[in-house]
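See below for the structure under consideration.
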Amino acid sequence: MTMQTLPQPYTTAALIRAMAPVDVVIDSFLREQIIVTSQSCESCDVYCAGGEHKMSPWSVPSQSRFASLIASISTANCASFDFDWTSCKFLPSQRYISKLVTQYIIRMEKEADTYNAVVELEDDHLVSLVYHLSMYRSTIVPDPCSSCFLTFQVPITMVSNEVKSTKIVYQYSGDHSGNEGDFLQIRTFPYHNDVGLKLWEAGACLAEYLIQYPEVIRAKNVMELGAGVGLTGLVAAVCGGCGEGARSVHMTDYTQATLENLRFNADVNAEWLKKRGVDVRNVSIGFLEWGDLGDCKQNDGLEIRQSVTNSGSTTALLNADVLLAADVVYDIHCIPDLVCTVNRFLSCGNSLENKKALFATTYRNKTTFDLFENELEKRGILCDYIPKQLQEGLPSIFPCYFNQQHADVRLCCMKLVV
Ligand SMILES: C[S@@+](CC[C@H](N)C(=O)[O-])C[C@H]1O[C@@H](n2cnc3c(N)ncnc32)[C@H](O)[C@@H]1O
1 MTMQTLPQPY
11 TTAALIRAMA
21 PVDVVIDSFL
31 REQIIVTSQS
41 CESCDVYCAG
51 GEHKMSPWSV
61 PSQSRFASLI
71 ASISTANCAS
81 FDFDWTSCKF
91 LPSQRYISKL
101 VTQYIIRMEK
111 EADTYNAVVE
121 LEDDHLVSLV
131 YHLSMYRSTI
141 VPDPCSSCFL
151 TFQVPITMVS
161 NEVKSTKIVY
171 QYSGDHSGNE
181 GDFLQIRTFP
191 YHNDVGLKLW
201 EAGACLAEYL
211 IQYPEVIRAK
221 NVMELGAGVG
231 LTGLVAAVCG
241 GCGEGARSVH
251 MTDYTQATLE
261 NLRFNADVNA
271 EWLKKRGVDV
281 RNVSIGFLEW
291 GDLGDCKQND
301 GLEIRQSVTN
311 SGSTTALLNA
321 DVLLAADVVY
331 DIHCIPDLVC
341 TVNRFLSCGN
351 SLENKKALFA
361 TTYRNKTTFD
371 LFENELEKRG
381 ILCDYIPKQL
391 QEGLPSIFPC
401 YFNQQHADVR
411 LCCMKLVV
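Read in order, the letters of the sequence shown are residues 1 to 418 in the UniProt record's numbering.
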């Protein structure tokens, strides 16, 4: 019996359509690049290393070819990179494409040395593709049918005038007759894998702390990192009694799905905010991805070099008096970027001595926490943990089901060491 001849080997494009393992696809693409580059040795595809010509399958034109290949398979419109995944048929999954591009970048960084050349992500098309995919990670607008609402009765804390500070009286407004604006309503997607679409215990705990100690944010410009479903930020806007919450609240996050849901939750609670004396124009939402937000220096005014994507939120960050963040210490890879953002907040803008960051962190992993604390120390940020007894005395206002105990949450206040 004669062996059946194998069909022509798959091209890289065909492998992608078959959703072959990503390394197999990348190997195939690199093989194709070596052929292309050896045919065009005189062109810019050649790296010179010690007088010897070495072809790099990672060169800029090659990166460009990779970007075009992905674009041509993912969408008909590769020129604008305006992906419309939903209208495309018979395509590999978006998650697979994301994985493929991520692995391509990882391999590029790892294998750079082989070609004795500095290899970086340089091609503009590939850069926009990576950016687009990172934004798209969670842009599949979650199906509202898989959402649910958490409805809370949030007390307004009234500080008794006679005793001036200590006596706090909780006043609840509204009954369950369903009047608009009586309750704080938070839309969540409990089964979605975007962490920003759920409410986390640390977010609830930080909100409870603000209700108990509203003076921390009263009449302050407040900014929130990783705001998720928005409970903490919305509570910050009102707590302290009618019209006496924060002066302004800017809630930020970075995935599109989270930002859309955050906007929805702010809109749905507009009446709740208004009934509590909040001017809704002072509650805003913006994109902010942790990391280096550009240089800033202070002369007469504030000079900021903003990245396009973070603009608006960068200004809010620098102008804020208080930075809030709940359950943002969990991904070890993001810690340096997170601390870099906290440091930017504490060290730029006006009245540096009054700036503070209030974090509620859920303790899950020692290595992650050690890194967080080391990064803070390296940047001269002092982290004061709020005493346990004080935390245990907080009122339980958000009695929903959480994965972890309130006791796993640590509240801390950060300042720059002067
Ligand atoms: C565990 S959730 C906490 C959400 C909310 N603060 C709470 O406590 O319910 C972490 C949040 O941080 C956001 N996040 C994670 N990495 C980020 C990054 N690199 N830049 C900006 N936001 C990020 C996520 O989108 C998510 O909303």
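Note that the Cβ used here is the ideal one computed from N, Cα and C, for glycine as well. All of these numbers come straight from a predicted model, not from anything done at the bench.
> If you measure from the CB of E208, is any heavy atom of ligand 1 nearer than 7 Å?
Replying inline: no
> Given 8 Å as the limit, is there contact between the region 370-378 and the region 332-340, that is, 3 or more CB pairs closer than that?
Replying inline: yes
> Given a threshold of 16 other Cβ atoms within 10 Å of its Cβ, counted over all protein chains shown, does R276 qualify as buried or as exposed?
Replying inline: buried
> Which term fits I106, buried or exposed, when burial requires 16 or more other beta carbons within 10 angstroms of its beta carbon?
Replying inline: exposed
>> Taking the beta strand (DSSP E) that Q185 belongs to, which residues open and close that run?
In response: 184-188
> Shortest alpha-carbon distance to L133 belongs to which of K99, D370, S56, T232?
Replying inline: K99
> In chain order, which beta strand (DSSP E) runs of at least 3 residues are fully inside the region 370-397?
Replying inline: 381-385
> Roughly how many whole angstroms lie between the Cα atoms of S62 and T255?
Replying inline: 29 Å
> Are the CB atoms of G230 and A270 nearer to each other than 8 Å?
Replying inline: no
>> Considering Cα atoms alone, identify which of N365, M19, P399, K388 is closest to R410.
In response: Among N365, M19, P399, K388, the Cα nearest to that of R410 belongs to K388.
> If we count Cβ pairs, one from each stretch, closer than 8 Å, do we get three or more for the region 284-293 versus the region 179-198?
Replying inline: no
>> So, with DSSP's three-state summary, where would you put M251?
In response: strand
> Would you say A20 touches ligand 1, meaning its beta carbon is less than 7 Å from a heavy atom?
Replying inline: no
>> What I want to know is whether the C-beta of Y254 ends up closer than 7 Å to one or more non-hydrogen atoms of ligand 1.
In response: yes
> What's the C-alpha gap between Q391 and D408?
Replying inline: 11 Å
> Looking at G226 and V328, is the spacing between their C-beta atoms short of 8 Å?
Replying inline: Yes; because the gap between Cβ atoms is below 8 Å, this pair is in contact.
>> Given this structure, state the Cα-to-Cα distance separating V169 from E244, to the nearest angstrom.
In response: Below a pLDDT of 50, predicted positions are generally treated as unreliable, and V169, at 48, falls in that range; the measurement from the model is reported next regardless. Computed Cα separation, rounded: 15 Å.
> Exposed or buried, what is N365 when buried is set at 16 or more other beta-carbons lying within 10 Å of its beta-carbon?
Replying inline: Taking all protein chains shown into account, N365 has fewer than 16 neighbouring C-beta atoms within 10 Å of its C-beta and is therefore exposed.
> Along the chain, where does the beta strand (DSSP E) that runs through A203 open and close?
Replying inline: First, the residue type needs correcting, since residue 203 is Gly and not Ala in the sequence shown. Unbroken run through G203 is the alpha helix (DSSP H), 201-212; no beta strand (DSSP E).
> Going by DSSP, which residues form a beta bridge with F359?
Replying inline: A325, C412
>> What does the Cβ neighbour count give for F149, buried or exposed, with the cut at 16 atoms within 10 Å?
In response: exposed
> How many Å lie between V127 and P399 at the Cα?
Replying inline: 44 Å
> Anyone know if the C-beta pair for N319 and N193 falls short of 8 Å?
Replying inline: no
> In terms of DSSP beta bridges, what is T151 paired with?
Replying inline: Q185
>> Buried or exposed for Q405, going by 16 or more other Cβ atoms inside 10 Å?
In response: exposed
>> Classify L15: buried if its beta carbon has 16 or more other beta carbons within 10 angstroms, exposed otherwise.
In response: buried
> Distance, Cα to Cα, Y385 vs F345?
Replying inline: Spanning the alpha carbons of Y385 and F345 requires a straight line of approximately 19 Å.
> Going by other Cβ atoms of all chains shown within 10 Å of its Cβ, with 16 needed for buried, is P395 buried or exposed?
Replying inline: exposed
>> Do V130 and V101 count as a contact pair if the criterion is CB distance below 8 Å?
In response: yes
> So what's I332 in DSSP terms, helix, strand or just coil?
Replying inline: helix
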